Amino acid sequence: MTTAATALPLLGLRITAGPVELRGITDDLLGPLAELAVTGIHDPDFMPFTVPWTLTPAEDMPRSMAQYHWGQRAAFSVDKWGADLAVFWEGELVGAQGFGTRDYLITRTGETGSWLSRQFQGRGIGTAMRQVICAFVIDHLGAEYVTSGAFADNPASLAVSRKVGYTDNGWDRGARLGKPAIMRRIVLEPASLVRFEHKLTVDGLPAFRRSVGLPADE
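Here the sequence shown is numbered in my numbering, starting from 1053 and rising by one per residue.
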């Protein structure tokens, strides 16, 4: 039987490593993710994201969350794709972890991004989920570089990146809430990855590899 995961294998992708599980964001997860985001991700007087989506009013968050992920699904192609995954810690939904790229078959490069509910911060979960996504794209998709970035006044995010093995890769000056802000750029090479203590298990990998233009077999 043809399912949504058959049409878009990202929805059937599941990566587990000890207490961490990264799962394709199916429609049944959109509401819970919206509710989790509304509980708070950062201090109200600080904006760590380039797109200030966390300022969305609580009553509008479910629609905003759904529209974003539906849009990502609609735009998914071999030339440009994003793997946004719900993050579970010991079976509890805690946030989201993503990897986005364009021209991946040529560049073998993409960028990580994530968010984690404040109630779960400070417990090493943010580091673990980043280690898992980086190990996945390096080991199972053949990534040669993984990039990321954080505003200069977001030391917590930069600290997570350094724990995972990213190194400095320059900076640029952009706009945040109508004001200039410095974005620190960082990059991870496979040999520098500080791996999570648990081995990865991946379900739905052959179909996902085909969907991004790679052979089904690694």
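Every residue, glycine too, gets a C-beta built ideally from N, C-alpha and C.
If you're wondering where the values come from, they're calculated on a predicted model, not measured in any experiment.
Can at least three beta-carbon pairs, one atom from the region 1222 to 1240 and one from the region 1194 to 1203, be found at a separation below 8 angstroms?
Enough Cβ pairs lie closer than 8 angstroms, so yes.
Could you give the DSSP three-state label for residue 1066: helix, strand or coil?
Looking at residue 1066 - three-state DSSP - the assignment turns out to be strand.
Residue 1269 versus residue 1232 - alpha carbon distance:
Taking the straight line joining both Cα atoms gives about 46 angstroms.
Let me know the secondary structure DSSP gives residue 1124 once reduced to three states.
DSSP, read as helix, strand or coil, puts residue 1124 in helix.
Does the distance from the C-beta atom of residue 1090 to that of residue 1113 stay below 8 angstroms?
Between residue 1090 and residue 1113, the C-beta spacing is below 8 angstroms.
Could you tell me the distance, in whole angstroms, from the CA atom of residue 1171 to the CA atom of residue 1189?
C-alpha separation (whole angstroms): 28 angstroms.
Checking 8 angstroms against the spacing of the C-beta atoms, do residue 1053 and residue 1086 come in under that value?
No. Outside cutoff.
Across the region 1249 to 1265 and the region 1217 to 1232, are there enough close Cβ pairs to call them in contact, namely three or more that are closer than 8 angstroms?
The region 1249 to 1265 makes no contact with the region 1217 to 1232; the number of CB pairs closer than 8 angstroms stays below 3.
Would you report the Cα separation of residue 1057 and residue 1148, rounded to the nearest angstrom?
One C-alpha to the other measures close to 19 angstroms.
Looking at C-alpha atoms only, which residue of 1228, 1181, 1245 is the closest neighbour of residue 1141?
Residue nearest to residue 1141 within the set 1228, 1181, 1245 is 1181 (criterion: CA-CA distance).
Give me whichever residues DSSP pairs with residue 1090 in a beta bridge.
None, per the DSSP bridge assignment.
DSSP bridge partner residues for residue 1223 (one or two, in chain order)
According to DSSP, residue 1223 bridges with 1236.
Please name the residue, chosen from 1250, 1211, 1168, 1214, that lies closest to residue 1094 on a Cα-to-Cα basis.
Nearest of 1250, 1211, 1168, 1214 to residue 1094, Cα basis: 1168.
Residue 1264 and residue 1130 closer than 8 angstroms at C-beta
Contact: yes.
Relative to the alpha-carbon of residue 1246, which residue among 1195, 1179, 1259 has its alpha-carbon at the smallest distance?
Selection 1195, 1179, 1259 evaluated against residue 1246 yields 1179 as nearest (Cα-Cα).
From which residue to which residue does the beta strand (DSSP E) around residue 1197 run?
Counting along the chain, the beta strand (DSSP E) containing residue 1197 begins and ends at 1197 to 1203.
Could you give the distance in angstroms between the alpha-carbon of residue 1124 and the alpha-carbon of residue 1133?
Rounded to the nearest angstrom, the two C-alpha atoms are 8 angstroms apart.
What's the call for residue 1098, buried or exposed, on a 16-neighbour Cβ count within 10 Å?
Note on residue 1098: under 16 other CB atoms within 10 angstroms of its CB, so exposed under the neighbour-count rule.
Would residue 1338 and residue 1212 be called neighbours here (beta carbons separated by less than 8 angstroms)?
This structure leaves residue 1338 out entirely; the chain is present only between 1053 and 1270.
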